[in-house]
Structure formats: structure tokens, C-alpha cells
Amino acid sequence: MRDRTTAARLDRATCAALVTAVLMPVALGLIFFYVPNDADQGFSQRIFYFHVPIAMTTYALFAWGALNAARYLWTGDLSLDLRSYVPMHLGVIFGTLTLVTGSFWAKVSWGTWWYWGSTELNTFLIIFLFYCAYFMLRFSVDPGEKRARYSAVYALLGVGLIPISVLAVHLGQDVIHPITFTDHGAQMDGSMLFTFLMALAAMLSLAVAMYLVELRGKRLDEQVTRLRRLAEGTR
Amino acid sequence: MNRRAFVALVRKDLVLELRGSEVVLAMVTFVVASFVLFRFGLGGGRTAGGTRAATGLLWVAIVFTAMLALARTFAREREHAIWDGLLAAPIDRALIWLARSCSTFVFLVAVQVVALPAFWLFFLQDGPAPAYGVLVAAALLADVGIAALGSLVAGLASAGRAREVLLPVLYLPFAIPLVLGAVSATTGTIPPQTSGLHTLERLGYLALYDTVFVLFGWGLFEFVVED
Chain A
86 MRDRTTAARL DRATCAALVT AVLMPVALGL IFFYVPNDAD QGFSQRIFYF HVPIAMTTYA
146 LFAWGALNAA RYLWTGDLSL DLRSYVPMHL GVIFGTLTLV TGSFWAKVSW GTWWYWGSTE
206 LNTFLIIFLF YCAYFMLRFS VDPGEKRARY SAVYALLGVG LIPISVLAVH LGQDVIHPIT
266 FTDHGAQMDG SMLFTFLMAL AAMLSLAVAM YLVELRGKRL DEQVTRLRRL AEGTR
Chain B
-16 MNRRAFVALV RKDLVLELRG SEVVLAMVTF VVASFVLFRF GLGGGRTAGG TRAATGLLWV
44 AIVFTAMLAL ARTFAREREH AIWDGLLAAP IDRALIWLAR SCSTFVFLVA VQVVALPAFW
104 LFFLQDGPAP AYGVLVAAAL LADVGIAALG SLVAGLASAG RAREVLLPVL YLPFAIPLVL
164 GAVSATTGTI PPQTSGLHTL ERLGYLALYD TVFVLFGWGL FEFVVED
């Protein structure tokens, strides 16, 4: 008989994958065949519809990871450790994509692969380095309650680091990064905004599907390890 | 807060240092040697990049030397089982962090008494004199941030494998905004960049950094030493 909780998780992962399978081709179609060229940057501006949704998804993943880290420290429920680790892991993958797409966009727009005067690029780089360090800590402590606790503490420090880094980078710099979302709303026309929102929805659903699949894989891995230990103990 | 326990913990760190001279001496030697290395590496005459580049070198050297101190003090406690004694003591865990932060702060100030004049001598002696009061305030504020967050992160790193490598890896992402703020504040003390409003803004940023990470350290350290 199938475990009901496993079946529920399987359904959610499959649903998320199906939604992604629909949204992603639609978003790609809109980006390449529907949305008009940008008046200033031309065709190359289309990288915006990849770069910004990926960056926003990265932040969402890190926020979800930090929230679960706080919940773990509060409740001591060890299952929350994986719910904190998996979004961090995916966040680093999406973060790498953000840096790569941002770098390409910088080359096309500003003629340089990296611009040290950009608040967004530099803040993102600091945060990305922080989350890479998270894995160094996690893999240097043996699995168990202690590793979960240390990882959660370090993940929560990132919540302090993000606003502090934004302020630090703002301290003495010239802004050339394009500002699309201002206090007066999105600075783009209706078709562009629609395409952007579709691309964001596709990227978020991809992240959710990856999160659910990886979470299930890690849980199975833990169960196999536990069973193997039990088998070795009875031998 | 148990004031007597706090004083005893800080005293313990300072007495250990006075008897062994393991940390501060190493820090001073490291920071002065770094300046010499940078000076030779950058060649003669004025530093390329001017005052900002020079103050950048100053703060990078200070951050590295702080990591040296943090790694050594935690390693010493593990080696001599002092850590086990601290955990067995009936004191608030946050006090252990606070005491460690205070002793690290004292070590940093002691190092800067030598490092700042040496820095001036090596890099900026031909230029105009800085605003000493602001320079000292910036250095003290940056030291609080380094000590508070460094003590928390060193506690995390000390329990992992390859802890000597782990501490810099864990700490450096946090050092980037601190170094940005400290360099900005220090550069602002040196004419002609001095500007009252900007100076206040930069010192305010360092104070904010300190407040945020002091609160994090106070709240989270108990989870680092739960064993």
C-alpha cells in the first residue's frame, strides 16, 4: 500500500512540474515572438526577461530557506533542516544563473562583463558568496542535529547581511543599473509587463518543482541511510 | 546579566594573553608585515589609486589579522578543554559570546595602536593630516563589528572539520560590507575628502552594522554552544 504522505508529495511535485511544462514554453514564446524590441537596447534587452525573474526567484528561495531555518531553531523539528537546505542549494544554482545572465547583459549594455559601480550586481555578488560559504559550513559538520543547528544559525545571518550589503554598496557609488521598478510602478508597457510576469511565474514554478523533487530525493536518501545502518547493526 | 561572570570571562582571556602573548603579538607582526608586503608590491612613491586604495589595504589587513586572533583564541580553548569548562558553568551562553567579543575588541584596539601609525608612515606620510577624532571613531566602530560578528562565526567554524580554512570562508562575505563602510569612513577623514554630512552618514552605517550583528550574536550564540 502506498504511503499517503508520500503520495501527497508526489502529487504536488508532479503538479508543479506540469505547471512549469506549460508556463515555460509560453514564456519563451512571448519573449522571442510577442514582446517588441526595447526602444533603447533593441533585441538584446530580452535577456531582462530571463535575468530579473531568475534573480527574483533566487531571492525567494533564500528567503524560504531562511524562514525554515528560523522555524527549525524555534521548534527543533529536524525535518525543517532539509526544507531550509534545499532552497539554499537551489538558490545557489539560480544565483549562478543570475550572475551569468547579468554579466552577459552588462557586456551587451555597458560593454563590460562586470561593472563595480552597480548596486544590484555587487549586492548580489556578496549574498551569493555568503550562500556558497553556507555549504562549506554544512559539509564540514557531520549530519545530525548539530549540523542542522549550525546551518540554521548561519542561514539566519544572511537576513542581516542583505540590507547591510545594500546600504554598504550604496555608500559611495554611481548608479547605471537600469531601474525598471520604481516607486511609481513598473516602467514598461503592457505587453512587456505581461511577458515579464509570465517569465517570472514560469521561473517560480520551475523552482517550486525542483524544490519538491529535491526534497523528496533527500528524504529518500535519509531513509536509505537509516535502513542501511539498521541492517549493519543487525548483522 | 551576571556582571561578575562577564568580568571573569573577559579577565580570563586577557590574562591568558598577557601570560602567553600568543595572539596580539602575532596580530601586530602580521599586520605590519602585510603593510610592508603591500608597500613593496605596489612599488615606490604614492600608492596607486591614492588614499582610497591605501585605506582599503589597511582594512583588508585588519580583517585578516582579526581572523588570526579569532581562530587562535577558539583553538586555544579547545586544546586546553577550557571550552568544556565554560559550557559546564551556570552562565548565560550569550555572556560567553559577549565576553569573547569584548576581549577580541581589546586585542584589535591594541593592534591598531601600532597599525594605524605604521599605516600612516608607510602609505600617507607625505599627505595632509587626517581628522584624528573621526578616524578613531571609525576604527572603534569597525572593531566592534568585527569582534561581535567574528566571535559568533568563529564559534561556528571551530566545531567544523578544517576549521582553519572554514573561518575565513564563513567570515569574509560579512567583511565585505564592513570593509566598504570602514574604507569609506576612513577615507572621509583624510583631506580633501572630509565632509561633515558624509562623515556622519558613514559612521552611522558602521554603527548600524554593529547594532545588527550585536543583536544577531546575542540572540544566536546560544545555538552555537548548545553541546
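Those sequence lines, one after another, are chains A and B.
Quick note: the first sequence uses my numbering, first residue 86, plus one each step.
Quick note: the second sequence uses my numbering, first residue -16, plus one each step.
We put the beta carbon where it would ideally sit given N, CA and C, even for glycine.
The model shown is predicted, which means the values in this text are computed figures rather than measured ones.
Any beta carbon from chain A within less than 7 angstroms of residue i's own beta carbon?
| i | result |
| --- | --- |
| Pro156 of chain B | yes |
| Thr171 of chain B | Residue identity check: residue 171 of chain B is Gly in the sequence provided, not Thr. Gly171 of chain B does not count as touching chain A. |
| Arg76 of chain B | no |
| Pro160 of chain B | yes |
| Gly128 of chain B | no |
| Phe199 of chain B | yes |
| Arg83 of chain B | no |
| Ser141 of chain B | no |
| Tyr115 of chain B | no |
| Ala52 of chain B | no |
| Ala145 of chain B | yes |
| Gly24 of chain B | no |
| Ser167 of chain B | yes |
| Gly133 of chain B | no |
| Phe206 of chain B | yes |
What first and last residue would you give for the alpha helix (DSSP H) that runs through residue i?
| i | result |
| --- | --- |
| Val65 of chain B | First, the residue type needs correcting, since residue 65 of chain B is Ile and not Val in the sequence shown. It spans Ile65 to Ala71 - the alpha helix (DSSP H) in which Ile65 of chain B sits, taken as one unbroken run. |
| Trp159 of chain A | Phe133 to Thr160 |
| Asn(-15) of chain B | Taken as a continuous stretch (DSSP letters only), Asn(-15) of chain B belongs to no alpha helix (DSSP H), as it is neither H nor E. |
| Gln108 of chain B | Where Gln108 of chain B is concerned, there is no enclosing alpha helix (DSSP H), given that its DSSP letter is neither H nor E. |
| Tyr115 of chain B | Tyr115 to Ala140 |
| Leu174 of chain B | In the sequence on display, residue 174 of chain B carries Pro and not Leu. Note, Pro174 of chain B: premise wrong, no alpha helix (DSSP H); not H, not E. |
| Pro44 of chain A | Since the first residue shown for chain A is 86 and the last is 320, residue 44 of chain A is missing from the structure and cannot be characterised. |
| Val14 of chain B | Val7 to Leu25 |
| Tyr216 of chain A | Thr204 to Phe224 |
Is the shortest distance between the beta-carbon of residue i and the beta-carbons of chain B less than 7 angstroms?
| i | result |
| --- | --- |
| Val177 of chain A | no |
| Ala145 of chain A | no |
| Leu256 of chain A | yes |
| Met49 of chain A | The displayed coordinates of chain A run from 86 to 320. Any statement about residue 49 of chain A would go beyond what the structure contains. |
| Arg234 of chain A | yes |
| Gly187 of chain A | no |
| Phe215 of chain A | yes |
| Gly245 of chain A | yes |
| Val260 of chain A | Unreliable placement is indicated for Val260 of chain A, whose pLDDT of 48 sits below 50; no coordinate value is reported for it. |
| Ala253 of chain A | yes |
| Ser250 of chain A | yes |
| Leu167 of chain A | no |
| Leu242 of chain A | yes |
| Ser164 of chain A | no |
| Val226 of chain A | yes |
| Ala154 of chain A | no |
Cα separation between residue i and residue j?
| i | j | result |
| --- | --- | --- |
| Ile116 of chain A | Ala101 of chain A | 22 angstroms |
| Asn153 of chain A | Leu297 of chain A | 15 angstroms |
| Pro156 of chain B | Gly302 of chain A | 30 angstroms |
| Asp259 of chain A | Tyr154 of chain B | Low confidence applies to Asp259 of chain A: its pLDDT is 49, below 50, so where it sits in the model is not reliable, and the reading given next is rough at best. Spanning the two alpha carbons is a distance of roughly 27 angstroms. |
| Ala77 of chain B | Thr181 of chain A | 36 angstroms |
| Val120 of chain A | Ala191 of chain A | 21 angstroms |
| Pro174 of chain B | Pro113 of chain B | 6 angstroms |
| Arg343 of chain A | Leu163 of chain A | Absent from the model: residue 343 of chain A. The displayed extent of chain A is 86 to 320, so no value can be given. |
| Arg304 of chain A | Tyr170 of chain A | 12 angstroms |
| Ile334 of chain A | Ile212 of chain A | With chain A covering 86 to 320 only, the question about residue 334 of chain A has no answer from this structure. |
| Gly3 of chain B | Leu(-3) of chain B | 10 angstroms |
| Gln126 of chain A | Ser194 of chain A | 7 angstroms |
| Val185 of chain A | Tyr235 of chain A | 30 angstroms |
| His181 of chain B | Leu118 of chain B | 13 angstroms |
| Val177 of chain A | Thr143 of chain A | 7 angstroms |
| Tyr192 of chain B | Glu317 of chain A | 51 angstroms |
| Tyr200 of chain A | Thr56 of chain B | 39 angstroms |
| Leu123 of chain B | Val166 of chain B | 13 angstroms |
| Phe128 of chain A | Thr280 of chain A | 14 angstroms |
| Arg146 of chain B | Trp201 of chain B | 22 angstroms |
| Ala130 of chain B | Phe88 of chain B | 5 angstroms |
| Gly275 of chain A | Ala158 of chain B | 42 angstroms |
DSSP has residue i in a bridge; who is on the other side?
| i | result |
| --- | --- |
| Gly245 of chain A | None; Gly245 of chain A has no bridge partner. |
| Asp123 of chain A | A:Gly127 |
Does at least one heavy atom of the ligand MG sit under 6 angstroms from the Cβ of residue i?
| i | result |
| --- | --- |
| Gln308 of chain A | With respect to the ligand MG, the structure shown offers nothing to examine, as it has no ligands at all. |
*asked:* Across the stretch 102 to 114 of chain A and the stretch 147 to 155 of chain A, are there enough close Cβ pairs to call them in contact, namely three or more that are closer than 8 angstroms?
replied: no
Cβ contact (3+ pairs, closer than 8 angstroms) linking the stretch 90 to 100 of chain B and the stretch 156 to 168 of chain B:
no
query = At a cut of 8 angstroms, does the stretch 236 to 245 of chain A reach the stretch 212 to 219 of chain A through at least three beta carbon pairs?
reply = yes
- prompt: Any chance the stretch 223 to 230 of chain A sits against the stretch 133 to 151 of chain B, with 3 or more Cβ pairs inside 8 angstroms?
  reply: yes
* Please determine if the stretch 125 to 136 of chain B and the stretch 79 to 95 of chain B are in contact, where contact requires at least 3 C-beta pairs separated by less than 8 angstroms. => yes
task = Report yes or no: do the stretch 41 to 56 of chain B and the stretch 10 to 26 of chain B share at least 3 C-beta pairs separated by less than 8 angstroms?
result = yes
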